[in-house]
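Novice:
Residue numbers (our numbering): 1 to 173.
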């Protein structure tokens with residue numbers, strides 16, 4: 001298996017400003033697109049949203065990088081915000097966009113980390129309807145499989161993955 005070559009794309013000035021707002025906690029969501037002609041990463045959305053709003057933020061048939069500060073309850077107590085990098089790569093879309101985003105992802109994450117984004121989780125989705133709070137929560141706090149096996153004989157998924165059989169990957173940052 002060959003590794004996809006890593007392209008170090010320029011991050012435009014507006015995106016850098018929004019990344020700094022995210023790091024300081026002024027906003028909890030950023031979405032980035034790649035300008036294929038200029039090979040530049042641009043911010044396409046910067047706002048405060050709830051986790052249920054994430055699927056509606058994804059454009060139909062176009063990949064996007066997303067940075068989301070996930071706030072949740074664990075054991076009945078509010079936790080600190082956990083920065084999550086979300087790569088949305090739909091099944092459809094142009095061949096050029098499907099090749100540009102994977103080539104830029106690793107260097108972009110390195111730039112975000114160097115700026116202080118503190119990303120703790122990286123997930124990739126092909127169908128944003130699979131992007132649920134349960135998926136994020138289990139990625140951060142994986143269940144103890146031994147306990148689950150003792151309590152249940154058979155574990156079935158709550159629902160099938162997406163309408164078109166999408167997939168979810170959890171990767172190291």
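Quick reminder that beta carbons are idealized off the backbone N, C-alpha and C, glycines included.
1. For the stretch 95–108 against the stretch 25–41, do three or more pairs of beta-carbon atoms, one drawn from each stretch, fall closer than 8 Å, so that the two count as touching?
2. Helix or strand or just coil, what does DSSP make of residue 31?
3. Taking one C-beta from the stretch 41–53 and one from the stretch 83–98 each time, how about it: are there three or more such pairs within less than 8 Å?
4. Could you tell me which of 82, 10, 140 and 60 sits nearest to residue 29, measuring between CA atoms?
5. Check the C-beta distance from residue 115 over to residue 19 and give it rounded, since I have them as a contact under 8 Å.
6. Would you identify the three-state DSSP class for residue 56, choosing helix, strand or coil?
7. Measure from the alpha carbon of residue 174 to the alpha carbon of each residue in 113, 22 and 125, then state which is nearest.
8. Relative to the C-alpha of residue 10, which residue among 26, 38, 22 and 71 is closest?
9. Work out the CA separation of residue 143 and residue 44 for me, nearest whole Å.
10. Counting only the same chain and skipping the five closest in sequence on each side, list residues whose C-beta sits under 8 Å from that of residue 93.
11. Return the residue from the list 70, 137, 123 and 105 that minimises the CA-CA distance to residue 23.
12. Spatial neighbours of residue 108 within its chain, please: CB distance less than 8 Å, with the 5 preceding and 5 following residues excluded, ordered by chain position.
13. Going by DSSP, what residue range makes up the beta strand (DSSP E) through residue 87?
14. Under DSSP, the beta strand (DSSP E) around residue 41 begins and ends at which residues?
15. With DSSP as the reference, label residue 70 as helix, strand or coil.
16. Tell me where the alpha helix (DSSP H) around residue 18 begins and ends.
17. Tell me, please, which residues DSSP counts as bridged to residue 121.
Specialist: Judging by the given coordinates:
1. yes
2. Counting from 1 along the chain shown, the entry for residue 31 is found at position 31. DSSP places residue 31 in strand when its eight states are reduced to three.
3. no
4. In the chain shown, the residue the question calls residue 29 occupies position 29. Nearest option by C-alpha distance: 82.
5. Locating residue 115 in the chain shown gives position 115, counting from the first residue. Locating residue 19 in the chain shown gives position 19, counting from the first residue. So it is a contact: roughly 6 Å between Cβ atoms.
6. Counting from 1 along the chain shown, the entry for residue 56 is found at position 56. Here residue 56 sits in helix by DSSP.
7. Residue numbering for the chain in the displayed model covers 1 to 173; residue 174 lies beyond these limits and cannot be assessed.
8. Residue 10 sits at position 10 when you count from the first residue of the chain shown. If we check each option's Cα against that of residue 10, 38 comes out closest.
9. One-based indexing of the chain shown puts residue 44 at position 44. One-based indexing of the chain shown puts residue 143 at position 143. The straight-line gap from Cα to Cα measures roughly 35 Å.
10. Here residue 93 refers to the residue found at position 93 when the chain shown is read from its first residue. Hits under 8 Å: 61, 62 and 63.
11. In the chain shown, residue 23 corresponds to position 23, counting from 1. Answer by Cα proximity: 70.
12. Here residue 108 refers to the residue found at position 108 when the chain shown is read from its first residue. Around residue 108: 9, 11, 32, 41 and 65.
13. Position 87 of the chain shown, counted from the start, is the residue given in the question as residue 87. Counting along the chain, the beta strand (DSSP E) containing residue 87 begins and ends at 82–88.
14. Along the chain shown, read from residue 1 onward, the residue named residue 41 stands at position 41. It spans 40–47 - the beta strand (DSSP E) in which residue 41 sits, taken as one unbroken run.
15. Here residue 70 is taken as the residue at index 70 of the chain shown, counted from 1. In this structure, residue 70 counts as strand in the three-state DSSP scheme.
16. In the chain shown, the residue the question calls residue 18 occupies position 18. Counting along the chain, the alpha helix (DSSP H) containing residue 18 begins and ends at 13–24.
17. Counted from its first residue, the chain shown places residue 121 at position 121. Its beta-bridge partners are 84.
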